Each structure stands twice: as structure tokens, then as C-alpha cells.
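Novice:
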Amino acid sequence: RIFSNGQLFNHLFPARAGDVYKVLALKQASDDSLFSTAHVVSALILERAISTLVLILMILTITDWPTLGIAGMTFLYRGRHLQRCMLTVGVAFLAVFIAQKRFPRLRAWLRELVRGFRVILDLRRFLVVLCLSVAMWTLEILSMKFVAAPLGIDLQLGQGIFVLLLLNVGIAVPVTLGNIGT
-11 RIFSNGQLFN
-1 HLFPARAGDV
9 YKVLALKQAS
19 DDSLFSTAHV
29 VSALILERAI
39 STLVLILMIL
49 TITDWPTLGI
59 AGMTFLYRGR
69 HLQRCMLTVG
79 VAFLAVFIAQ
89 KRFPRLRAWL
99 RELVRGFRVI
109 LDLRRFLVVL
119 CLSVAMWTLE
129 ILSMKFVAAP
139 LGIDLQLGQG
149 IFVLLLLNVG
159 IAVPVTLGNI
169 GT
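Throughout the sequence shown, residue numbering follows the numbering used here, covering -11 to 170 in sequence.
Listed below in C-alpha cells is the structure:
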């Protein structure tokens, strides 16, 4: 119920208000006195991170980049994309590692994040999250395919996942009601 309401609020109100609702509602619903707001935020970030990782892996394995053509742009082969993704992730981890040494609050929050990882990385729970993420993204792509069909557009799986990537980049920080305009 909390996640359903949160997603509804994300679509109705700007600036990810539904995520704020989820944090507050999950904190209030917990009977555990050690269940901090930082733990709830960490859990939401982990869910989003795993879901995004699954999308990236699907993009890298399914999309045939050299065949995509958008406004004359050309794309590199999968190996180059994988190298750039790994380099970006490495730089981000290095920046966080350096920053956490200077800021004790960031270090404390990262400990909460690690605590959340330990909970979610239970093999059975992690596999369920991965399978649900693959199913969720696949259903998103299929819904776009069904919307495009009446317009005479035959959207292939790789093209659909690329459009999904662009859409998610565009709404990463929504600032309008229901992402209208993005």
C-alpha cells in the first residue's frame, strides 16, 4: 500500500513527492526502534539501484547499438558502452570513498546503506528482486510496443529498451506534475 501510494504521488506531484511519502510512511509503519529514516532511504536507493542495474544490463545485452539511428547520431559497440559504464561507476565510487573520509554524516549514512545491502543481498531475496526488475522493464517495453503499434511503428525490443533508457534519463529529476513536458 505504501509503495502503491508513493508511486501514485510521484505521478501526481512534482519533485518525487511520492518518494518522500514512502520514506515517512515506512518509518512510521515500522515497529523496529532501530529502523531509522536513513535506513528507509537506503532501502529505496538500493531498490532503485538494482532496478537501474537490471535496465543497464538489459540494454547492454539486448540493444544492437550500431543499428540505431537517431538524428544522424552513431553509437559505439557494446564493449565500448560496457567500458564507459564501468569507468563511470568506478569514478563515482572513488568520489564517494574520498568524500566519506571528510564527512562523518556521509560515512554514517553509508553504514546504513551497507546494512540495507546485507538485508537485500540474501540470495533468495536478491533473485526475487532481479526477476521482478526484469519482468517490470519487459512489461514497460511491451506497453510501449502496444502504444506504438496503432501508429504504424514496429518497435523492436532493442529499440524499446533504448527509448526506455532515454525516458528514464529524462524523468530522473522530475520538476513538473506527472512528468508532463519531459
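Here a beta-carbon is modelled for each residue, glycine too, at the ideal position from N, C-alpha and C. For clarity, every value in this text was computed on a predicted model and none was experimentally measured.
If you run the structure through DSSP and keep just helix, strand and coil, what is Leu(-11)?
Specialist: Sequence inspection shows Arg at residue -11; the Leu mentioned does not correspond to that position. Reduced to three states, the DSSP call for Arg(-11) is coil.
Novice: State buried or exposed for Asn(-2), treating a residue as buried only when at least 16 other CB atoms are found within 10 Å of its CB.
Specialist: That one is buried.
Novice: Tell me, please, whether the stretch 112 to 119 touches the stretch 29 to 48 by the rule of three or more beta-carbon pairs shorter than 8 Å.
Specialist: Short answer: they touch.
Novice: Is the beta carbon of Arg99 less than 7 Å from the beta carbon of Gln88?
Specialist: No, the pair does not count as a contact, with Cβ atoms beyond the cut-off.
Novice: Are there 16 or more other CB atoms within 10 angstroms of the CB of Ser18, so buried, or fewer, so exposed?
Specialist: By the neighbour-count rule (16 or more Cβ atoms within 10 Å), Ser18 is not buried but exposed.
Novice: Alpha carbon to alpha carbon, how far is Ala136 from Leu32?
Specialist: Between Ala136 and Leu32, the C-alpha separation is close to 32 Å.
Novice: Identify, in the order they occur along the chain, each residue of the same chain with its Cβ nearer than 7 Å to the Cβ of Phe171, setting aside the five sequence neighbours on each side.
Specialist: The chain is shown only over -11 to 170; residue 171 falls outside these bounds and no answer can be derived.
Novice: Pull up the distance between the alpha-carbon of Met132 and that of Gln144, whole angstroms please.
Specialist: Rounded to the nearest angstrom, the two C-alpha atoms are 10 Å apart.
Novice: Determine the direct distance from the alpha carbon of Val28 to that of Leu12, and round the result to whole angstroms.
Specialist: Whole-angstrom Cα-Cα distance: 8 Å.
Novice: Evaluate Met46 with the Cβ neighbour count: other Cβ atoms within 10 Å of its Cβ, from every protein chain shown; 16 or more gives buried, anything less gives exposed.
Specialist: Result: buried.
Novice: Here's the rule I'm using: 16 or more other beta-carbon atoms within 10 Å means buried, otherwise exposed. How should Ser30 be labelled?
Specialist: Flag for Ser30 reads buried.
Novice: Measure the C-alpha to C-alpha separation of Gly148 and Asp20 and round it to an integer number of angstroms.
Specialist: Going from the Cα of Gly148 to the Cα of Asp20 covers about 42 Å.
Novice: Are the CB atoms of Gly146 and Ile50 nearer to each other than 7 Å?
Specialist: Yes, they are a contact pair.
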